[in-house]
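Residue numbers (the numbering used here): 4 to 248.
Written out below as structure tokens is the structure these notes cover.
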Amino acid sequence: MFTFVTIKTLKNILAFLKRPFKWLMMICGVLFLIIFILSFTTLPFWMYHGLGTSSEKLDQKPEYIIIMSGGGIPSASGLMRTYLAAKVAEEFPEAKIIVTMPGDTLDSLSSAKKKKNELLIRGIEANRIMHENIGTNTRSQALEVKKIIKKDVPILIVTSPEHIYRSVKTFKKVGFSNVGGDAAFSKPVEASFEFDDEKLGGNQVVPNIGENYQLRYQFWNHLQFQIIVYREYVAITFYKLKGWI
Numbered sequence: 004m005f006t007f008v009t010i011k012t013l014k015n016i017l018a019f020l021k022r023p024f025k026w027l028m029m030i031c032g033v034l035f036l037i038i039f040i041l042s043f044t045t046l047p048f049w050m051y052h053g054l055g056t057s058s059e060k061l062d063q064k065p066e067y068i069i070i071m072s073g074g075g076i077p078s079a080s081g082l083m084r085t086y087l088a089a090k091v092a093e094e095f096p097e098a099k100i101i102v103t104m105p106g107d108t109l110d111s112l113s114s115a116k117k118k119k120n121e122l123l124i125r126g127i128e129a130n131r132i133m134h135e136n137i138g139t140n141t142r143s144q145a146l147e148v149k150k151i152i153k154k155d156v157p158i159l160i161v162t163s164p165e166h167i168y169r170s171v172k173t174f175k176k177v178g179f180s181n182v183g184g185d186a187a188f189s190k191p192v193e194a195s196f197e198f199d200d201e202k203l204g205g206n207q208v209v210p211n212i213g214e215n216y217q218l219r220y221q222f223w224n225h226l227q228f229q230i231i232v233y234r235e236y237v238a239i240t241f242y243k244l245k246g247w248i
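Next up, the structure:
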């Protein structure tokens with residue numbers, strides 16, 4: 004009797020869940036189809052580009068350049084942000100630099116220390132570089148930077164393109180009124196990567212794609228842009244709901 008009731012109950016539960024599960028699968032399928040189709044268009048790039056160029060330009064020289072943490076060293080985001088920050092620091096030689104990266108600044112193997120070393124390698128003087136190694140997200144890093152600077156001065160934030168909008172808004176929320184953002188965009192290679200399939204040999208039954216940049220690169224880049232952008236949209240929504248921006 005117990006087994007019969009249990010099996011019957013289980014069947015009822017499965018029957019109850021069948022319809023919402025079916026709708027969930029349909030919604031996921033539609034979303035995947037939309038993402039797939041958009042990857043063949045330029046819209047994902049412009050969404051990504053829009054986040055990276057959304058901040059206002061500073062109307063005066065920054066007193067501080069803030070490098071947002073990103074990945075460790077080496078990593079794509081970590082190296083790109085540090086590279087751009089060094090370029091900006093050369094443009095504004097009187098500005099101090101604050102590296103926001105949690106970790107032990109006395110440990111030579113920590114990402115915080117390695118980021119400073121990357122700046123030193125690129126010719127930035129050690130006495131210009133400061134650490135903020137407590138904050139673990141954009142909000143807490145902005146609060147910790149505010150404790151370091153202690154006054155409302157022009158600051159320039161260096162971070163990844165998708166992170167510019169949220170970073171600038173977050174720093175304004177904690178009390179900085181003059182905030183600019185400089186996005187660490189990657190640079191395209193100027194050389195052509197086209198190739199002649201026939202000259203390279205191999206199975207000629209497989210379609211030639213040597214001149215098809217759309218399939219070889221753009222589709223995958225735009226697919227990646229969408230994942231990055233949608234994730235950031237969720238983060239922006241969360242920050243707005245929390246009252247952090």
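No residue lacks a Cβ here, since even glycine has one placed at the ideal position from N, Cα and C.
Proximity below 8 Å, CB of residue i to CB of residue j
{"i": "T85", "j": "L41", "result": "no"}
{"i": "E165", "j": "V148", "result": "no"}
{"i": "V161", "j": "D185", "result": "yes"}
{"i": "K117", "j": "I70", "result": "no"}
{"i": "I231", "j": "I151", "result": "no"}
{"i": "E197", "j": "E214", "result": "yes"}
{"i": "I239", "j": "K176", "result": "no"}
{"i": "H225", "j": "F95", "result": "no"}
{"i": "S163", "j": "G53", "result": "no"}
{"i": "P1", "j": "T139", "result": "Because the chain here runs from 4 to 248, residue 1 falls outside it and cannot be looked at."}
{"i": "Y67", "j": "F228", "result": "no"}
{"i": "I76", "j": "S114", "result": "yes"}
{"i": "L87", "j": "A187", "result": "yes"}
Coil, strand or helix - residue i by DSSP
{"i": "T108", "result": "coil"}
{"i": "I30", "result": "helix"}
{"i": "V148", "result": "helix"}
{"i": "D199", "result": "coil"}
{"i": "S143", "result": "helix"}
{"i": "A98", "result": "coil"}
{"i": "W223", "result": "helix"}
{"i": "N215", "result": "coil"}
{"i": "E128", "result": "coil"}
{"i": "I248", "result": "coil"}
Counted within 10 angstroms of its Cβ, other Cβ atoms place residue i as buried (16 or more) or exposed
{"i": "S283", "result": "Because residue 283 is not part of the residues shown, which for the chain are 4 to 248, the question remains open."}
{"i": "Y242", "result": "buried"}
{"i": "G183", "result": "buried"}
{"i": "T56", "result": "exposed"}
{"i": "R234", "result": "exposed"}
{"i": "G126", "result": "exposed"}
{"i": "L81", "result": "Note on residue identity: the sequence assigns Gly, not Leu, to residue 81. Its Cβ being crowded by 16 or more others within 10 Å, G81 is buried."}
{"i": "V237", "result": "exposed"}
{"i": "V33", "result": "exposed"}
{"i": "P65", "result": "buried"}
Chain C contact for residue i (CB, 8 Å cutoff)
{"i": "L82", "result": "Annotation note: the requested chain C is absent from the structure, which comprises a single protein chain."}
Sheet register partners of residue i (DSSP bridge)
{"i": "T103", "result": "E135"}
For a minimum of 3 consecutive residues, which ranges assigned as the beta strand (DSSP E) are wholly contained in the region 38-88? Counting only runs of 3 or more, we get 67-70.
Which residue spans inside the region 153-195 form an unbroken alpha helix (DSSP H) run of at least 4? 167-176
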